[in-house]
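Asker: Please read through the structure below; I'll follow up with questions.
Residue numbers (my numbering): -16 to 535.
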């Protein structure tokens, strides 16, 4: 060291400055080299965090998987209850596709420490199938017989083979018999345990807080030590409820919540806090469903073809959803492997001139006074003047405004009837009282679209909103459900898409992305596709806020 001092003091002033700069650069280089080597030999992994706060618009009413209907209920159900496949050790299906056996993991427990067995599974199926429970899952499980084989094994017997039954098991959540077993099915809705649930998921209920007017403001959840899967990285999970999206956004900007889902693309610019927005695909689409029996002109193929040609789907995605969606031209979505792009791609074509030509060829003539097209059908003059029922949701209103403008260019008048979403569901859809309806269909992860397009589903409570009827389509839909041969089933699905494209019972528009706002340090929500908004919590035990580096 003394020698270094001697050398340093023998330098001139200029040489000393050069020496110090060189020494500094050497030290920095050494540090960066060591840091680089450390990063190469280590990997970043999640570590435990104490709290995550999720914001939700709405109110929990029935946090019970067999009667939950509101979004807030479904969200909490996903956090508090495990699905049957998560609880199972293995499963198998018989050669004829009618019998499914599920074996539960050993030593399963409810969040209160009581054993979870096949008896709970059987009880849940029975409760769903009891009409007095009024379960939304009734149709899904109608006709399924569940038998107890042992304390850990259940056998499900189907009337006919159903190749997508595994997806039903993935969505099926068990409720505890020791909690609900003594209740009459009709009283299921009245139980206090619908707000203080005993579950089997990654989190367990701790408490909730409500205002004097009864509005529940907070749900407090804790990591469930009896969960059969990996323990959550985040120990405490708090769910905060808001009356509207404005309150939710204010809470996010004020750091009262960490994240929330269902961000409207129009609201993204209102988030002032540093954040990230995760985009997830959801198997859903919006379409204009056409009730051909409501007006004679809706039965003309030329009219439907023209409306399709005059619908600029790229513009709808760009302007109504700010690019946070993708165009759709089929009841089978592009994210599904059974999607047939070759058959349905023509539905994406946009051409006002071609649309006008199609109408003119079929003698739909523009009235110079009204500027709308008309045609004599027998002794009656039919005008291309349609009404469309629209749920009062901003992006749907914007969509219809664009359609009104674009269809007006080809001589078609469109009159929006804007209603509260609840009224659309409870009144309009129940009665099928509309000429056109813009609405969304939420699919499963599989291509079973029976409930949306089979003629038996034309009237309430069915979901065939176009009142579509085609015997060949009915036959294909029935066969697709039974067909265990994947290649043959894919051929049937291609044929199905071709027929629906030709018949045009609906104008398919787009599939919006699900947007989740989260802090910059948030991780663990890795799935590109989620089946429903509530399924963002599938795998919530892997969510994290903090990390550390460990050697590989």
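Backbone N, C-alpha and C fix where the C-beta goes; we use that ideal spot for every residue, glycine too. Treat the numbers as computed from the prediction; the structure is a model and nothing was measured.
Quick check on residue 469: buried or exposed, where buried means 16 or more other Cβ atoms within 10 Å of its Cβ?
Answerer: exposed
Asker: So, residue 202 versus residue 59, is the Cβ gap smaller than 9 Å?
Answerer: Cβ atoms of residue 202 and residue 59: closer than 9 Å.
Asker: Taking the alpha-carbon of residue 450 as reference, which of 83, 462, 63 and 273 has the nearest alpha-carbon?
Answerer: 273
Asker: Would you tell me roughly how many angstroms separate the C-alpha atoms of residue 392 and residue 315, rounded to the nearest one?
Answerer: 30 Å
Asker: Just how far apart, CA to CA, sit residue 340 and residue 377?
Answerer: It is roughly 33 Å from the alpha-carbon of residue 340 to the alpha-carbon of residue 377.
Asker: By the 10 Å Cβ neighbour count, where 16 or more other Cβ atoms means buried, how is residue 480 classified, buried or exposed?
Answerer: buried
Asker: Can you list, in chain order, the residues of its chain with a C-beta nearer than 8 Å to that of residue 29? Leave out the 5 residues immediately preceding and following it.
Answerer: 216, 506, 507, 525, 527, 529 and 530
Asker: Just the C-alpha distance for residue 488 and residue 423, rounded to the nearest angstrom, thanks.
Answerer: Using only the alpha carbons, I get a separation of about 14 Å.
Asker: According to DSSP, is residue 449 helix, strand or coil?
Answerer: DSSP places residue 449 outside both helix and strand once states are collapsed to three, so it counts as coil.
Asker: Please classify residue 442: is it buried, with 16 or more other beta-carbons within 10 angstroms of its beta-carbon, or exposed?
Answerer: exposed
Asker: Within the continuous alpha helix (DSSP H) that includes residue 109, where are the two ends?
Answerer: For residue 109, the enclosing alpha helix (DSSP H) covers residues 101 to 112.
Asker: Can you tell which of 432, 117 and 459 has its C-alpha closest to the C-alpha of residue 446?
Answerer: 432
Asker: Since I believe residue 140 is in contact with residue 81 (beta carbons under 8 Å), could you give me their beta-carbon distance rounded to a whole number of angstroms?
Answerer: 6 Å
Asker: Going by beta-carbon coordinates alone, are residue 421 and residue 495 separated by less than 9 Å?
Answerer: Contact check for residue 421 against residue 495 fails: the beta carbons are separated by 9 Å or more.
Asker: Quick check on residue 360: buried or exposed, where buried means 16 or more other Cβ atoms within 10 Å of its Cβ?
Answerer: Taking a 10 Å sphere around the C-beta of residue 360, we find fewer than 16 other C-beta atoms and assign the residue as exposed.
Asker: Within the region 23 to 76, note down every full alpha helix (DSSP H) run reaching 4 residues or more, in order along the chain.
Answerer: 54 to 63 and 67 to 70
Asker: So, is residue 122 buried or exposed, given that buried needs 16 or more other C-beta atoms within 10 angstroms?
Answerer: exposed
Asker: Anyone know if the C-beta pair for residue 436 and residue 483 falls short of 9 Å?
Answerer: yes
Asker: From the DSSP secondary-structure annotation, give me the bridge partner or partners of residue 364.
Answerer: BP columns for residue 364 point to 359.
Asker: Suppose you measure from the CA of residue 439 to the CA of residue 52; what does that come to, to the nearest Å?
Answerer: Looking at the two C-alpha atoms, the distance is approximately 24 Å.
Asker: Along the chain, where does the alpha helix (DSSP H) that runs through residue 289 open and close?
Answerer: 284 to 292
Asker: Name the DSSP bridge partner or partners of residue 186?
Answerer: 206
Asker: Is the region 139 to 156 touching the region 186 to 195 in the sense that three or more CB pairs, one from each, lie closer than 8 Å?
Answerer: no
Asker: On the criterion of 16 or more Cβ atoms from any shown chain inside 10 Å, does residue 8 qualify as buried, or is it exposed?
Answerer: exposed
Asker: So residue 367 packs on residue 286, CB below 8 Å; how close in whole Å?
Answerer: Separation of the CB atoms of residue 367 and residue 286 is rounded to 7 Å, and the pair is thereby assigned contact status at 8 Å.
Asker: Give me the Cα-Cα distance between residue 50 and residue 120, rounded to the nearest whole angstrom.
Answerer: Each residue's Cα considered, the two are about 8 Å apart.
Asker: At the level of alpha carbons, what is the spacing between residue 346 and residue 279?
Answerer: 15 Å
Asker: Which word fits residue 293, buried or exposed, when buried means at least 16 other C-beta atoms lie within 10 angstroms of its C-beta?
Answerer: buried
Asker: Identify every residue that forms a DSSP beta bridge with residue 370.
Answerer: 398
Asker: Three-state secondary structure (DSSP) at residue 172?
Answerer: helix
Asker: What does the alpha-carbon distance come out to for the pair residue 583 and residue 497?
Answerer: This structure cannot speak to residue 583, because the chain is shown only from -16 to 535.
Asker: For residue 295, count neighbouring Cβ atoms within 10 angstroms of its own Cβ and tell me buried if that reaches 16, exposed if not.
Answerer: Under the 10 Å beta carbon count, residue 295 is surrounded by 16 or more other beta carbons and is classified as buried.
Asker: For residue 297, count the other beta carbons within 10 Å of its own beta carbon; 16 or more makes it buried, fewer makes it exposed. Which is it?
Answerer: exposed
Asker: In its own chain, which residues sit with a C-beta less than 6 Å from the C-beta of residue 350, not counting the 5 before and 5 after it?
Answerer: 357
Asker: Which class does residue 303 belong to by DSSP, given the choice of helix, strand or coil?
Answerer: helix
Asker: Mapping the DSSP letters down to three states, classify residue 267 as helix, strand or coil.
Answerer: strand
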